[in-house]
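Just below is one structure, and these are the notes that go with it.
There are 2 protein chains.
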Amino acid sequence: MNARILVADDDRKLAALVRTYLERAGHQVVTVHDGQAALAECRRRQPDLAVLDIMMPVLDGHDVCHVLRAEGEVPVIFLTARTTEDDLVLGLGLGADDYVTKPFSPRELMARVEAVLRRTRPDPGASVVRAGSLVIDEERHLVTQAGRSVPCTPAEFRILRELVTHPSRVYSRQRLLEAAFGFDHDALERTVDVHVMNLRRKLERDPASPERLVTVYGVGYKYVAEEQEG
Amino acid sequence: MNARILVADDDRKLAALVRTYLERAGHQVVTVHDGQAALAECRRRQPDLAVLDIMMPVLDGHDVCHVLRAEGEVPVIFLTARTTEDDLVLGLGLGADDYVTKPFSPRELMARVEAVLRRTRPDPGASVVRAGSLVIDEERHLVTQAGRSVPCTPAEFRILRELVTHPSRVYSRQRLLEAAFGFDHDALERTVDVHVMNLRRKLERDPASPERLVTVYGVGYKYVAEEQEG
DNA sequence: GCGGTCGATGAAGGGGTCGTCAAGATCCGA
DNA sequence: TCGGATCTTGACGACCCCTTCATCGACCGC
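Chains F and W supply the protein sequences, listed in that same order. Position in the first sequence counted from 1, then plus 26, gives you our numbering. Position in the second sequence counted from 1, then plus 26, gives you our numbering.
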């Protein structure tokens, strides 16, 4: 949250648009329009994330990313108009943390930005979510309850993280699917039921009458922390 | 939740379908069938979201979005039959918040609508409705009265939310059905009676002589808050 | 007061939602 | 490539809720 982000794209209109969305999400944004300026800005301000167009004048996104990787730890998301697999692999080979192909929806870009920020957060303590005796360590992908380690599959972890991050908030199955697997993922809502059931077996004292992972009939699920039984 | 949404599509059948789904989700929908009407409607009512077809007579979706962006803050989702890159980039360049390509699944459209509404909601706490000691928390899907939690079924929750949102306003049974469940929902008006009765049992001190959920003979029901006994 | 209309209430049915299990599909590492 | 873990789906039953119906009482105009 509230990260410093560099946006580099020679399409000034697009850069301004991306800036708008990122700022709306509470981030501080600097925009530049060529690779050289991007590199200079990164060296000066060390942003939390750089969103780089691949095709830019002076220095292209690949080059910038290459130098950044050699010099430090700035996470990178590529914007690319190309869709061939070669380009994508090349982008990731240079150490980009993610890429978004144009045309993209603001929603998709924002989701990937937040995901990368979560993954690369400098302060390890910031990536730990607590709710009562339940602790979720995003970085280590670890769940512990009352000191006891709880093994979770990737899908279970994502669903649980979303629920625990906002205790008592009711999530529809659709929204849980989105939060856990992204927007383009199409699975039946029934899948969520199964994951929740498996989580209950690992977390609940009596899985048959859940106290933490609670069903809200006709709406969805919520996580209830020990303190606030709401 | 419960947002005012404008749907503009010259395909009246499709517009009606979209309207149905949005209303079922609890939103208030206005449909128009050309760009000029869409623009006029936005200026008059300032909806929380505009769902615009790109290809429309008089004024197309691009034009409408362009003007809206220049004038204010109405979020826009495009419906587009086109899939070429140019059109999509153009859509984003004009500041659409998202786009959905036809043919689309209702589920996909709804997911994107909810996501945009979440992102653009001005006040995060706006999901709480108060009337006297009664509090309806949309996000937690929770009703509390004088601090005491009141368990509600989905139908009861929707009806109560509608009534409490507009204290002292009298709703006909038909209007309540529409507001709570959407236009396509066909249930006899007597159904409302039963829901109101069940609500009274949970909310009223003496359900036989209601003080909050009041019957207006020959018209319908209204919610009366403590302060304004009207 | 009287009749007709409207609303309150209880009970029954049918439909929808959820929990659970197991089998098939898919992913991933060895 | 193979094998195991994981994800997804479909089926089934249990349970809750919505809706409807029938009946009785309340209200209103006359």
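The C-beta atom is built at its ideal place from N, Cα and C for all residues, glycine as well.
Residue nearest to W/Val84 within the set W/Val55, W/Gly61 and W/Thr57 is W/Gly61 (criterion: CA-CA distance).
Contact annotation for W/Pro180 against chain F: Tyr243, Gly244 and Val245 [CB-CB distance below 8 Å, chain order].
If you ignore the 5 residues before and after W/Ala122, its C-beta comes within less than 7 Å of the C-beta of Cys91, Val102, Ile103 and Phe104, all in its own chain and listed in chain order. Within chain W, the residues whose beta carbon sits less than 8 Å from that of F/Arg195 are Glu165 and Arg166, listed in sequence order. As the crow flies, the alpha-carbon of F/Asn28 is around 9 Å from that of F/Leu48.
By the rule that beta-carbons nearer than 7 Å mark a contact, F/Pro132 touches chain W. Interface flag for W/Ala137 against chain F is set, since a Cβ pair is found closer than 7 Å. Linking F/Arg226 to W/Ala181 through their CA atoms gives a straight-line distance of about 27 Å.
With its beta carbon less than 7 Å from one in chain F, W/Asp123 belongs to the interface.
Excluding its 5 nearest sequence neighbours in each direction, W/Val218 has C-beta neighbours in its own chain below 6 Å: Arg199 and Leu202, listed in chain order. At least 7 Å separates the CB of F/Gln62 from every CB of chain W. In the three-state reduction of the DSSP assignment, F/Thr217 falls in the helix class. Bounds of any alpha helix (DSSP H) do not take in F/Asp86, whose DSSP letter is neither H nor E. For F/Ile80, the closest of F/Val93, F/Thr57 and F/Ala34 by C-alpha to C-alpha distance is F/Ala34. F/Ser194 is classed as buried because its beta carbon has at least 16 other beta carbons within 10 Å across all chains shown. Sequence-distant partners of F/Pro177 (beyond 5 residues in either direction) whose C-beta falls short of 7 Å from its own C-beta are missing from its chain. Using a Cβ distance threshold of 7 Å, F/Arg138 and F/Asp124 count as a contacting pair.
7 Å or more divides the Cβ of W/Lys128 from the Cβ of W/Ala141. Judged by their CB atoms, F/Asp36 and F/Met82 are nearer to each other than the 7 Å cut-off. The beta carbon of F/Ser175 sits closer than 8 Å to the beta carbons of Leu168 and Val169 from its chain, once the five residues preceding and following it are set aside; these are given in chain order. With a cutoff of 7 Å on beta-carbon distance, W/Ala205 and W/Glu230 are scored as not near each other. Contacts between F/Glu204 and chain W, judged by CB atoms closer than 8 Å, involve Ala137 and Ala141 in chain order. W/Lys39: member of the alpha helix (DSSP H) spanning Arg38 to Arg50, first to last residue. Contact between F/Tyr249 and F/Ala157 holds, since their C-beta atoms are separated by about 7 Å, short of 8 Å. Judged by beta-carbon spacing, W/Ala64 lies beyond the 7 Å limit of W/Val55, meaning their Cβ atoms are not closer than that value.
According to the DSSP secondary-structure assignment, W/Asp124 is paired through a beta bridge with W/Ile103. Under DSSP, F/Ile162 shares a beta bridge with F/Val155 and F/Val169.
DSSP places W/Gln72 in the coil class of the three-state scheme, outside both helix and strand. For F/Ala66 and F/Glu165, the gap between their C-alpha atoms comes out near 30 Å.
An exposed status is given to W/Ala172, since fewer than 16 other beta-carbon atoms sit within 10 Å of its beta-carbon. Under the three-state reduction of DSSP output, W/Ile31 falls in the strand class.
Counting only the Cα atoms, W/His53 lies some 9 Å from W/Arg45. In this structure, the CA atom of W/Leu43 is about 11 Å from the CA atom of W/Leu135. DSSP places W/Val77 in the strand class (E or B) of the three-state scheme.
7 Å or more divides the Cβ of W/Leu40 from the Cβ of W/Ala76. By the CB criterion at 7 Å, W/Val155 and W/Val190 fall inside the cutoff.
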